[in-house]
Amino acid sequence: TYYWRVDEVNGTPDKTVFKGDVWRFTAEPYSIEIPGATVAVTASSASNEFSTPEKTIDGSGLDPNTGAHSINPETMWFTASVDLDPWIQYEFDDVQKLDMMKVWNSNGSAESAIGWGVKDVVIQYSVDGEAWNALEPTQFGRAPGLPTYNQYDEITLDGLAAKYVRLDIQSNWGGILMSYGLSEVKFFMIPAQARTPQPASGAADILPDSILTWRAGREAAQHTVYISSDMNAVAEGSASSVTSMTNNVELSSLSLELGETYYWRVDEVNQAEAVSMWAGPVWSFSTVAALTVDDFESYNNFSPDRPFQTWLDGFGYSSDEFFPVGYPGNATGAGIGHDIWSLSSPHYDGDIMETSSTIAGSGQSMPFYYTNSGGVASQTERTFVIAQDWTVGGAKTLAIAFRGQAGNTGTLYAKINNTKVTYPHDAGDMVRGTWQAWNIDLSSMDVQNVTKLVFGVEGSGASGMILFDDIELYPLVPSDGVSGLVAYWPFDTDFTNVEGTADYDGTPSGTAEISADDVKVGAGALKIDDNTSSANHVVVTGNFVGGVPVVRTVVGWYKYKDISGDGSDARNFIWETQPTYSLSFGIRDGSEGKFSEWYHDTQGGVFFGDGPVVDDGLWHHVVMVWNSVLGHVKYYHDGQLVETAPMDTDNNPTLNQAGFNIGTNRAADGGRNWDGYLDEIAIFSVELTEEQILGLYEQSGTINPLNVLE
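When you line the sequence shown up against this note's numbering, it's residues 1029 to 1738, in that order.
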């Protein structure tokens, strides 16, 4: 045990000494006990089900304070009454550098009379269980058969390397019966292997530029470190390796990828030792899926953590104790954060950061207000004091979470250093009141030394407010648009298809209108009042089924309501392809009320399935999957798989569909109109996973058809 103290001394001129407290620590012993729980034991025989060989390593009967062993036979190992070739063998979880073993002999109450205790023994050891070496013959001391027995035998092993130790018993102290016993055996090892990894084995979310450390093995002169995503290659020692003269390795030198699981092993090497290399165990860690540029969680109302002191805007900030020199503003119409100082502000005396609207798992987002004038774009800029390398971990995508609001105008852009990137997707995303992901492809940019990130909105007279949340780096390169998304009708302001194919814009008829009366997501929803006398729906032209093989997923929110209170059709369709119902979903009258019903037809016939009763006045989510590649049609309701219908992989829906009717059936003659509200209808050319479908249902505020595939 060592004691230590730190005295703190002032500088010139007084050099006052502040005496520290006395602390202490205890150095680890020369050798460490191998836990019995990590040792496997077998023997030539056992006398009964209680006195098994495991009793020699489980500590039963051994007083941890005095080291005395009890006389209870059920805390010891005994062989069968006649054992012609008695032995007991111990196996460690890996090759160990053994210092010694302690042996408590058989200590039953009749030991002094019978003498089961082992007398002469040959101790053998092996690293592989095949080639064995033996120590000089050994004799164990005789136990007295008393509960005070603590005079164990200590066998010196001198640092030999072994995974197996076997005691070949030659005789017992009685010399009459051919039965033998032991009370307890403990092994002590010299820690020659690397141990105590940091991060701990199995750790997740490790940065790819972290430092791996470990507690070095005794007498190690250098360390060979194997690391790979292939566990077997690491275990076999065939993975690439680096040599370190210290007990750490910087991962930044190894070019690890984001979102991967890696395995590593440290072999301790000293050519001057009898055993020159001690292979370590295989450990693992997983790198983070993404690197965070800014998650906006650290900002608050107080200096030096106000968001506009980091994200500079047009208003600037005053000098204070943290910023001796204030910032006058960037001469644009940008304002970062809510106005909490003006009495007329709805956020007066509240929070600068937005806390009510965030992406899933986030605590706050950053408001960006903008008002353009004089032809000057509004923008906010963050400067990184220490330049950032955005290629670490194989990063290729900058993902920006943002949310618009109704009334926003202008065009969003970003600048990375001096490279400007204009938002490439639908301009209507600026007014969409849902969280969206803007993925910027970095693969062709020089982003190894990023010192500046800018967000701005350009456009004469543009104004509004955008919320920004997590800015992260991912390894995937974004595709043009949203891969797999064929069409998407959010019904926030009109009937257009957000994905940008004008052919898929909707045309309303009858009572179909965009309404803010009852909305599931965003600023609006499709409202249809089934008056039972006219055709009320939205028609979209175009072949949504496509060619063979067919893979389609259709999703949407619906809420049934007899808006006018004049009754509804017996069947109310949410969507159906035309001229045939290759993909169709609706509800119909039943004995317990309106229930959901889905349809599909193939070259082999027409099929339909029933779902739950849905006339509860609530919003429900529906998904239909058609996959003729895998041979199934699936129906999900409120995030859960309700039914799967098998089909032949060569069985495809009627091709060359002319269009897609929303709010009515294929005939569109007014006989089967929808009654209520529809929202967020989309078609994909891929099968969504169960996790993606559940995300659309449970996290509709952050996950939508534009980002569900990302």
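Just so you know, even glycine gets a beta-carbon here, dropped at the ideal spot from N, CA and C.
Query: Using only alpha-carbon positions, find the residue among 1099, 1123, 1309 and 1163 that is nearest to residue 1140.; Result: 1099
Query: Measuring only the C-alpha atoms, how far is residue 1185 from residue 1216?; Result: 9 Å
Query: Candidates 1615, 1059 and 1210: which alpha carbon is nearest residue 1173's?; Result: 1210
Query: Go ahead and pull the three-state DSSP assignment for residue 1734.; Result: coil
Query: Just how far apart, CA to CA, sit residue 1088 and residue 1103?; Result: 5 Å
Query: Just to confirm the assignment, what range does the alpha helix (DSSP H) spanning residue 1259 have?; Result: 1259–1264
Query: Between residue 1507 and the rest of its own chain, which residues show a CB-CB distance below 7 Å, the 5 nearest in sequence each way excluded?; Result: With a pLDDT of 43 at residue 1507, under the threshold of 50, the modelled position of this residue cannot be trusted; read the value that follows with caution. Same-chain partners within the cutoff: there are none.
Query: Just the Cα atoms here: how many angstroms apart are residue 1631 and residue 1266?; Result: Below a pLDDT of 50, predicted positions are generally treated as unreliable, and residue 1631, at 47, falls in that range; the measurement from the model is reported next regardless. Going from the Cα of residue 1631 to the Cα of residue 1266 covers about 54 Å.
Query: If I measure Cβ to Cβ from residue 1116 and keep anything under 6 Å in the same chain, skipping five residues before and after, which residues do I get?; Result: 1071, 1081 and 1195
Query: May I have the straight-line CA-CA distance separating residue 1142 from residue 1093, to the nearest angstrom?; Result: 29 Å
Query: Quick check on residue 1588: does DSSP put it in helix, strand or coil?; Result: strand
Query: Note the first and the last residue of the continuous alpha helix (DSSP H) segment covering residue 1722.; Result: 1718–1726
Query: Exposed or buried, what is residue 1033 when buried is set at 16 or more other beta-carbons lying within 10 Å of its beta-carbon?; Result: exposed
Query: Return yes when the Cβ of residue 1392 is within less than 8 Å of the Cβ of residue 1325, no when it is not.; Result: yes
Query: Among residues of its own chain, excluding the 5 on either side of residue 1052, which ones have a beta-carbon nearer than 8 Å to its beta-carbon?; Result: 1029, 1030, 1031 and 1032
Query: Taking C-beta to C-beta, are residue 1745 and residue 1314 nearer than 8 Å?; Result: There is simply no residue 1745 to check, as the chain begins at 1029 and stops at 1738 in what is shown.
Query: Within this structure, are the beta carbons of residue 1582 and residue 1690 separated by less than 8 Å?; Result: no
Query: Whole angstroms is fine: what's the gap from residue 1045's alpha carbon to residue 1039's?; Result: 10 Å
Query: Checking the sheet assignment: what are the DSSP bridge partners for residue 1706?; Result: 1554 and 1586
Query: Taking the alpha-carbon positions, what's the residue 1683 to residue 1420 distance?; Result: Below a pLDDT of 50, predicted positions are generally treated as unreliable, and residue 1683, at 45, falls in that range; the measurement from the model is reported next regardless. Rounded to the nearest angstrom, the two C-alpha atoms are 47 Å apart.
Query: Could you tell me whether the segment 1294–1309 touches the segment 1230–1249, using the rule of 3 or more Cβ pairs below 8 Å?; Result: yes
Query: DSSP three-state label for residue 1402, please.; Result: coil
Query: Here's a check: name, in chain order, each residue in its chain whose Cβ is nearer than 7 Å to the Cβ of residue 1086, leaving out the five neighbours to either side.; Result: 1064
Query: Between which two residues does the alpha helix (DSSP H) holding residue 1141 run?; Result: 1139–1142
Query: Report all residues from its chain with a CB closer than 6 Å to the CB of residue 1305; omit the five preceding and five following residues, and keep chain order.; Result: 1295 and 1297
Query: Have a look at residue 1399 and residue 1732 and give me their C-alpha separation to the nearest angstrom.; Result: 28 Å
Query: How big is the Cα-Cα spacing for residue 1403 and residue 1489?; Result: 8 Å
Query: So is residue 1369 buried or exposed if we call it buried at 16+ other beta carbons inside 10 Å?; Result: exposed
Query: Does any CB atom of chain B fall closer than 8 Å to the CB of residue 1708?; Result: Considering every chain present, this structure includes no chain B. It has just one protein chain.
Query: Near residue 1049, what residues of its chain come up, given a Cβ to Cβ distance below 8 Å and the 5 sequence neighbours on each side ignored?; Result: 1033
Query: What span of residues does the beta strand (DSSP E) with residue 1498 cover, start to end?; Result: 1491–1502
Query: So what does DSSP say about residue 1209, is it helix, strand or coil?; Result: strand
Query: Given a cut-off of 8 Å on the beta-carbon distance, is the pair residue 1557 and residue 1703 in contact?; Result: yes
Query: Short of 6 Å in beta carbon distance, which residues of its chain neighbour residue 1468, apart from the five on each side in sequence? Order them along the chain.; Result: 1426 and 1449
Query: Name the two residues that bound the continuous beta strand (DSSP E) containing residue 1468.; Result: 1463–1469
Query: Quick check on this structure: which residue in 1233, 1357 and 1692 has the alpha carbon closest to the alpha carbon of residue 1566?; Result: 1692
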